[in-house]
Amino acid sequence: MESWEEEGSVSGSGLGAGTDVELVRQAWRNEKAAPEILPFEEALVRRLREQIQLQEERAEELKSEGMEDVVVSLHHMDSDRALFLLKSYLRLRLHKIEKHLFFYSSHTHLFARLSPEEQLFCNSCVDIMTQHLKQSVLNKLPQHYQSVTRQSTSSEDDDMVDSPQLDTFVFCKTKTDVGAFQLDDTGEEIVDLVVDDLYVLRYKSIRGLVESGQINLI
Amino acid sequence: MNTTFKNYQFTMLDKIYRSEEEKERALRLNKDRKMAQSQGVTVLTDAIKACSEEIDKYKGKLVVKEGARAEMYARRAAQLLQELSTCEEGQLPPYNSDKFDQVIRECEEHSKQFQSLIREKNSKNLDIEAKNEDHYGSFIHHLSLIRNKRCLMAYVYKRAEVIQSYRWKVGRVLPEEIHDKLNFSEQEYFKNHCAVIDSYTKDLDLDLTVDVIPPKDPYIRVRVLSEIGEVSLGDHSVSLCKDSLHSLRRTDAEPFISQGLMEEFME
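These protein sequence lines map, in sequence, to chains S and F. Heads up, the first sequence is in my numbering, so the first residue is 25 and it goes up one at a time. Heads up, the second sequence is in my numbering, so the first residue is 89 and it goes up one at a time.
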């Protein structure tokens, strides 16, 4: 995709030329590999959508100018691919929300990572799932056992809520030199993270680095 | 010749000698084992004796009352989940309302037993902190009830997860054979979940349920499944007769595909 854009023979407005497609692709990869939901790339998504729109218009323009079909179709293909990436990114997030509904809706710092539309989605899903669970199970159980999030009224915290597995291993690539990095709380395991190197680490230990953008998941 | 014979003799002797040695070792081992066995038996007998003494002490109380039945508790609920887990990923067995209701009844029974044991304990005017057999008995009922609850919730939740995945895979209308496997609440849940996704895509103005496979080509080959007729696409019009093949822009073809009027043609 980038190669024909770099030749500069067609136009400078192509999606490959900007780095936004690349950024969304990385956001998509991170989202795909991370066990929990990551902060929503709001500005990036907005920019990409505008660019896709422009690209589509550009393609139509070229067509009306009598440009060769193959060039027009390349433009279409470019925007189709970017659109796929965007949709796949949003879909991934929805699936994650669906999977741990009650967890995300009850943890405010994670809930804040969702876009306004996703928050609405999450809340509505919680509502219909609660309704469904009540109707099928909880209303039929004895009095003290009817909570969705707790096993019984004697539970002290939410012990029925499943949470994402944060200690799974992920493949990752460092973007910058991080230096000696402590993998666990005790400080027994220290790894030297060098720029542009590949690692397989527990997600939990590099969680902060993913959020600060020092490391990319692949 | 002579030396060969001698050699042969030696090997024979060697063999005999070795087998003697082995026999001896085997005997020794056997003896050890026997000794260990007899020791083990003593330990076991002692343990059994200690146990029966203990049982005698509590006879008529917790051990006899609950012990034998405890292993039966929550078995039905586990069977319910087993049914689900033996099913292939993304498939659903029919909703087993019989077994489900049996587990619900089991839960009610636990609750009743729990309360009667608590009453019994309270009637003995013991210290609140005291832990007698009624306390432990009621605890078993409490835990079994929780276990049943978790199983039932897991059953319904896991099914709901599969059901909501159909929206992405099959679409808004479920085929009859899937629809029949759901209970009423699940059918309602599916409808509600579709509505939630619809309102999300409307807010976003992007239909996420299409474009599930990365596009290789802006054009795709499609086969028309039912008569559509003359359609104008962009600057030209196409006659879409049943069973005809066309190469269309993906974006033009997708609405027809999702309505089930066309399918992607793969060679």
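Every residue, glycine too, gets a C-beta built ideally from N, C-alpha and C. Computed from a prediction, not measured in an experiment: that's the story for all the values here.
In this structure, does DSSP put R337 of chain F in helix, strand or coil?
The answer is strand: DSSP assigns R337 of chain F an E or B state.
Leaving out five residues on either side along the sequence, give the residues of the same chain with a beta carbon under 7 Å from the beta carbon of V319 of chain F.
S325, V326 and L328
Determine whether the Cβ of K111 of chain S lies closer than 8 Å to any Cβ atom of chain F.
yes
Looking at the C-beta of K120 of chain S, does it have a partner C-beta in chain F at a distance below 8 Å?
no
Starting from the C-beta of T177 of chain S, find all residues in its chain whose C-beta is less than 6 Å away, skip the five residues before and the five after it, and write them out in chain order.
H168
Interface residues of chain F around K164 of chain S at Cβ under 7 Å?
I192
Taking I234 of chain F as the query, report the chain S residues whose CB atoms sit under 8 Å from its CB, ordered along the chain.
Y169, Q175 and S176
Should T198 of chain S be labelled buried (16 or more other beta-carbon atoms within 10 Å of its own) or exposed?
Around the beta carbon of T198 of chain S, 16 or more other beta carbons lie within 10 angstroms, which makes this residue buried.
Let me check understanding here. Comparing Cα to Cα, which of F:L294, F:E221, F:L333 and F:Q190 lies closest to I76 of chain S?
F:L294
Per DSSP, which residues does C196 of chain S bridge with? Please list them.
S:Y223 and S:L241
Can you confirm whether L349 of chain F, when its beta carbon is compared against all beta carbons of chain S, has any partner nearer than 8 Å?
no
With a floor of 3 residues, list each beta strand (DSSP E) that falls wholly inside the stretch 275-353 of chain F, ordered by position along the chain.
307-312, 317-321, 324-328, 333-337 and 350-352
So D299 of chain F packs on K111 of chain S, CB below 8 Å; how close in whole Å?
About 5 Å separates the two Cβ atoms, so the contact holds.
Any C-beta of chain S sitting closer than 8 Å to the C-beta of N280 of chain F?
yes
Using a Cβ-Cβ cutoff of less than 6 Å, which residues in the same chain neighbour F278 of chain F once the five nearest sequence positions on both sides are dropped?
If we look at F278 of chain F and ignore the five residues flanking it on each side, its Cβ neighbours are I251.
Hey, does K149 of chain F have any beta-carbon neighbour from chain S nearer than 8 Å?
Confidence is the limiting factor: at K149 of chain F the pLDDT is only 49, short of 50, which leaves the residue's position unreliable, though a coordinate-based value still follows. No - not a single Cβ of chain S is within 8 Å of the one on K149 of chain F.
In chain F, which residues lie less than 7 Å from D181 of chain S when you measure between Cβ atoms?
What D181 of chain S touches in chain F: nothing, since even the nearest Cβ is about 15 Å away.
Would M209 of chain F be called buried (16 or more neighbouring beta carbons within 10 Å of its own) or exposed?
For the sequence presented, residue 209 of chain F should be read as Lys rather than Met. Per the 10 Å Cβ criterion, buried.
For V258 of chain F, the nearest candidate out of F:Q347, F:L168, F:M354 and F:L231 (CA to CA)
F:Q347
Give the C-beta separation of V284 of chain F and S160 of chain S to the nearest angstrom, bearing in mind that I take them to be a contact with Cβ-Cβ under 8 Å.
Wrong, their Cβ atoms sit about 18 Å apart, outside the cutoff.
Are the Cβ atoms of L169 of chain F and C282 of chain F separated by less than 8 Å?
no
Along chain F, which residues have their Cβ under 8 Å away from the Cβ of L107 of chain S?
D299
Have a look at G38 of chain S and I266 of chain F and give me their C-alpha separation to the nearest angstrom.
Low confidence applies here, because G38 of chain S scores a pLDDT of 48, under 50, leaving its location unreliable; read the following figure in that light. C-alpha separation (whole angstroms): 45 Å.
A370 of chain F in three-state terms, based on DSSP:
Residue coverage of chain F in this structure runs from 89 to 355, which leaves residue 370 of chain F outside it and unanswerable.
On the three-pair Cβ rule with 8 Å, is the stretch 189-199 of chain F touching the stretch 229-249 of chain F?
Yes, the stretch 189-199 of chain F is in contact with the stretch 229-249 of chain F.
Reference R71 of chain S; option with closest CA among S:K158, S:K56, S:L107 and S:H99:
S:L107
Keeping to the same chain, check which residues put their C-beta closer than 8 Å to that of L68 of chain S; ignore five residues upstream and five downstream.
D44, L47, V48 and A51
Looking at the C-beta of D44 of chain S, does it have a partner C-beta in chain F at a distance below 8 Å?
No, D44 of chain S does not count as interfacial toward chain F.
At 3 residues or longer, and completely inside the stretch 100-145 of chain S: list those beta strand (DSSP E) runs for me, N to C.
none
Where does I230 of chain S fall in DSSP's three states?
helix
Is there at least one non-hydrogen atom of the ligand ATP closer than 7 Å to the beta-carbon of H156 of chain S?
Absent from the structure shown: the ligand ATP. Ligands present: none.
Whose Cβ in chain F lies nearer than 9 Å to the Cβ of M184 of chain S?
K237, R238 and M241
With a cut-off of 8 Å, do at least 3 Cβ pairs link the stretch 224-242 of chain S to the stretch 190-206 of chain S?
yes
For N184 of chain F, which of F:R247, F:G178, F:T289 and F:D340 has the nearest alpha-carbon?
Comparing Cα-Cα distances from N184 of chain F to each of F:R247, F:G178, F:T289 and F:D340, the minimum goes to F:R247.
If contact is defined by three or more beta carbon pairs under 8 Å, each pair taking one atom from either stretch, is the stretch 55-64 of chain S in contact with the stretch 121-139 of chain S?
These segments touch.
Which residues in chain F have a C-beta closer than 9 Å to the C-beta of M91 of chain S? List them in chain order.
Neighbours of M91 of chain S on chain F: none; closest Cβ ~14 Å, over 9 Å.
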